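Numbering (my numbering), first residue to last: 642 to 905.
Even for Gly, the Cβ is constructed at its ideal location relative to N, Cα and C.
Please read all numbers here as calculations on a predicted model, not as lab measurements.
Taking it in order: structure first as structure tokens, then the write-up.
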Amino acid sequence: RTLKVRVSMLADEEKPGVAVVLHDVTELRQLETMRQDFVANVSHELKTPLASIKAYAETLRMGALHDENKNVQFLEQIEFQADTLNQQIQDLLQLARVESGEKTFSISDIDVNLICETLHRQFLDAALGRHLELHLQLDQPSPMARCDVEAIETVVKNLVINAIHYTPEGGRVSISTKAEGRWVVVSVADTGIGIAKEQQARVFERFYRVDKARSRDMGGTGLGLAIVKHLTQAFGGSVTLDSQLGKGSKFHVRLPRSRNVDAV
Ligand code: ADP
642 RTLKVRVSML ADEEKPGVAV VLHDVTELRQ LETMRQDFVA NVSHELKTPL
692 ASIKAYAETL RMGALHDENK NVQFLEQIEF QADTLNQQIQ DLLQLARVES
742 GEKTFSISDI DVNLICETLH RQFLDAALGR HLELHLQLDQ PSPMARCDVE
792 AIETVVKNLV INAIHYTPEG GRVSISTKAE GRWVVVSVAD TGIGIAKEQQ
842 ARVFERFYRV DKARSRDMGG TGLGLAIVKH LTQAFGGSVT LDSQLGKGSK
892 FHVRLPRSRN VDAV
């Protein structure tokens with residue numbers, strides 16, 4: 642623990658003495674260290690794509706602009722890095738708004754199957770492009786959850802994007818829904834690279850990546866799962882992970898189930 646000590650002389654001539662006051666500043670120190678780490682991480686993360694953009698622009702200016710084999714490829718890289726930077730800023734702002742409690746949610750009864758069907762349709766091409774099967778398994782009647790429609794869309798979308806990114810060709814990604822007592826569970830499972838036991842809790846931390854290079858190549862921001870965790874917690878839900886290295890991962894999102902609402 643960190644203690645701050647203040648010593649003062651007591652100005653009483655008859656009973657001279659010394660007063661010692663101890664302040665436990667452990668938590669303040671920890672908060673300050675976390676804040677400093679966060680600022681250092683953000684600057685580093687934002688500088689990485691910026692440095693690439695600068696390097697490609699410089700190389701083009703120094704002559705590559707006239708090299709027909711390279712110029713388009715370098716311009717595409719500049720575009721890709723700019724998109725990554727943009728996504729990072731958006732993710733950071735979104736996370737900050739959720740964490741500070743500033744983000745307002747509009748809670749209503751949401752048809753979870755409908756959300757999953759829409760996302761399944763939206764990601765079919767991306768999955769096919771990577772030679773993956775994108776499977777959908779929906780509980781009937783359609784489970785209804787008390788949550789914010791945009792938030793749940795972001796949560797499932799982030800999980801599906803990850804599953805597609807971290808699953809090698811020929812694999813399978815499944816989105817499923819299930820009503821379980823007071824909860825509606827949305828699961829995103831893949832047959833991908835998996836996550837080792839000791840890293841499973843850490844992947845929900847901001848900027849934590851098992852393989853930094855792989856994540857960056859995919860345009861990852863390292864914030865997707867932190868956003869998933871904070872959004873689900875914001876409306877009383879939770880997210881858990883069940884994974885085996887080399888076999889695949891299953892993310893389960895638990896959302897509060899609507900009461901007395903029949904499926905539509
Ligand atoms: P990123 O933008 O790097 O994907 P996330 O916060 O979404 O950031 O995920 C954090 C890390 O967790 C990833 O970098 C990756 O190492 C790991 N990860 C996330 N989803 C999966 C998955 N479905 N399979 C294997 N690893 C995953």
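Taking C-alpha atoms, which residue in SER649, GLU791, ARG895 lies nearest to PHE746?
Mapped onto the sequence shown, residue 746 falls at position 105. Considering only alpha carbons, the answer is GLU791.
Could you work out which residue in PRO897, ASP665, LEU706 is closest to LEU644 when comparing CA atoms only?
To locate residue 644, count along the sequence shown from 1; it is residue 3. When each option's Cα is compared against that of LEU644, the closest is ASP665.
Locate the alpha helix (DSSP H) running through GLU774, then write down its first and last residues.
In the sequence shown, the residue the question calls residue 774 occupies position 133. Segment 774-778 is the beta strand (DSSP E) holding GLU774; no alpha helix (DSSP H) there.
Let me check one thing: in DSSP terms, what residues is HIS893 bridge-paired to?
Numbered from 1 along the sequence shown, position 252 holds the residue referred to as residue 893. HIS893 is bridged to SER828, THR881.
Counting only the same chain and skipping the five closest in sequence on each side, list residues whose C-beta sits under 8 Å from that of LEU773.
Position 132 of the sequence shown, counting from 1, holds the residue named residue 773. Excluding positions up to five away in sequence, the list reads ILE805, THR808, GLU810, GLY811, GLY812, ARG813, VAL814.
Can you name, in chain order, every residue of its own chain whose Cβ lies under 6 Å from the Cβ of SER649, other than the five neighbours on each side?
Here residue 649 refers to the residue found at position 8 when the sequence shown is read from its first residue. Result list for SER649: ALA660, in chain order.
Is GLY835 near LYS888, with beta carbons less than 8 Å apart?
Sequence index remark: in the sequence shown, residue 835 carries index 194 (1-based). Sequence index remark: in the sequence shown, residue 888 carries index 247 (1-based). GLY835 places its beta carbon less than 8 Å from that of LYS888.
How would you write the range of the beta strand (DSSP E) that SER817 sits in, first residue to last?
Along the sequence shown, read from residue 1 onward, the residue named residue 817 stands at position 176. 813-821 is the span of the beta strand (DSSP E), which, as asked, contains SER817.
May I have the straight-line CA-CA distance separating ASN757 from LEU896, to the nearest angstrom?
For the purposes of this step, residue 757 is taken as the residue at position 116 of the sequence shown. For the purposes of this step, residue 896 is taken as the residue at position 255 of the sequence shown. In the sequence as displayed, the identity of residue 757 is Cys instead of Asn. For CYS757 and LEU896, the distance between alpha carbons rounds to 14 Å.
Below 8 Å, how does it come out for the region 778-789 and the region 816-825: are there three or more Cβ pairs, yes or no?
yes
If you follow the alpha helix (DSSP H) that ALA698 is in, where does it begin and where does it stop?
Position 57 of the sequence shown, counted from the first residue, corresponds to residue 698. Unbroken alpha helix (DSSP H) run through ALA698: 667-702.
Specify, as a first and last residue, the run of the beta strand (DSSP E) that VAL646 falls within.
Stepping through the sequence shown from its first residue, residue 646 is reached at position 5. Its beta strand (DSSP E) spans residues 644-651.
Going by DSSP, what residue range makes up the alpha helix (DSSP H) through SER856?
Sequence index remark: in the sequence shown, residue 856 carries index 215 (1-based). That run of the alpha helix (DSSP H) goes 853-858.
Just to check, is the beta-carbon of HIS685 closer than 7 Å to a non-hydrogen atom of the ligand ADP?
What you label residue 685 is simply residue 44 of the sequence shown in a count that begins at 1. For the ligand ADP, not one heavy atom lies less than 7 Å from the Cβ of HIS685.
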